[in-house]
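Enquirer: Residue 110 in this note's numbering sits at position 41 of the sequence shown; the count goes up by one each step and never skips. Where a beta carbon is used, it is the ideal one built from N, C-alpha and C, also for glycine.
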Amino acid sequence: MFAKEIQTNQIVRFEHADKVAHFGVFFILAFFSHHAFRFKIWFHLVLLTLYGAGIEWMQDSLPYRQASWGDFIADLAGAVSYFVAYWIYYRKTGKSYG
70 MFAKEIQTNQ IVRFEHADKV AHFGVFFILA FFSHHAFRFK IWFHLVLLTL YGAGIEWMQD
130 SLPYRQASWG DFIADLAGAV SYFVAYWIYY RKTGKSYG
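#1: Under the rule that 16 or more other beta-carbon atoms within 10 Å means buried, what is residue 129, buried or exposed?
#2: Relative to the C-alpha of residue 124, which candidate in 110, 145 and 104 has its C-alpha closest?
#3: Return the first residue and the last residue of the alpha helix (DSSP H) that residue 150 is part of.
#4: Whole angstroms are fine: how far does the CA of residue 112 sit from the CA of residue 167?
#5: For residue 116 versus residue 95, is the C-beta spacing smaller than 8 angstroms?
#6: Would you call residue 151 buried or exposed, if buried means 16 or more other Cβ atoms sit within 10 Å of its Cβ?
#7: May I ask which residues mark the beginning and end of the alpha helix (DSSP H) holding residue 84?
#8: Please classify residue 70 as buried or exposed, where buried requires at least 16 neighbouring CB atoms within 10 angstroms.
#9: Using 10 angstroms around the beta-carbon of residue 91, count the other beta-carbons present and answer buried if the total reaches 16, otherwise exposed.
#10: Helix or strand or just coil, what does DSSP make of residue 101?
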């Protein structure tokens, strides 16, 4: 949300840059959530899904913002991608997390 308010010419803009940002932010949120709390992976995904839905709902209630299914899907894709990458890494290395 904060990037929307930044007015500068130094930010690289391209089509769907906001979706890439949503993906990246939720990938990072999944990483921190996973390392901060010892929940089952499905529970992390439920929490991150609710958080993403809450953000979109809040944006829809503001007069100068709008909700976007695309943003919500990018949020979910970022979170799911983290856990898929985590699963692949630990499966290939044979390490156990936790």
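Expert: The relevant details are as follows:
#1: Sequence index remark: in the sequence shown, residue 129 carries index 60 (1-based). With fewer than 16 Cβ atoms within 10 Å of its Cβ, residue 129 is classed as exposed.
#2: Residue 124 sits at position 55 when you count from the first residue of the sequence shown. Among 110, 145 and 104, the Cα nearest to that of residue 124 belongs to 145.
#3: In the sequence shown, residue 150 corresponds to position 81, counting from 1. 138–162 is the extent of the alpha helix (DSSP H) around residue 150.
#4: Numbered from 1 along the sequence shown, position 98 holds the residue referred to as residue 167. Numbered from 1 along the sequence shown, position 43 holds the residue referred to as residue 112. Low per-residue confidence applies at residue 167: pLDDT is 48, beneath 50, and the placement is therefore not dependable enough to give any value.
#5: Along the sequence shown, one-based indexing puts residue 116 at 47. Along the sequence shown, one-based indexing puts residue 95 at 26. No, Cβ-Cβ distance for residue 116 and residue 95 is not below 8 angstroms.
#6: Numbered from 1 along the sequence shown, position 82 holds the residue referred to as residue 151. It counts as buried.
#7: Locating residue 84 in the sequence shown gives position 15, where the first residue counts as 1. From DSSP, residue 84 is part of no alpha helix (DSSP H); its letter is neither H nor E.
#8: Numbered from 1 along the sequence shown, position 1 holds the residue referred to as residue 70. Below a pLDDT of 50, predicted positions are generally treated as unreliable, and residue 70, at 48, falls in that range; the measurement from the model is reported next regardless. Burial call: exposed.
#9: As a first step, residue 91 is located in the sequence shown; it is residue number 22 there, counting from the start. It counts as buried.
#10: Your numbering for residue 101 matches position 32 in the sequence shown. Residue 101 falls in the helix class under three-state DSSP.
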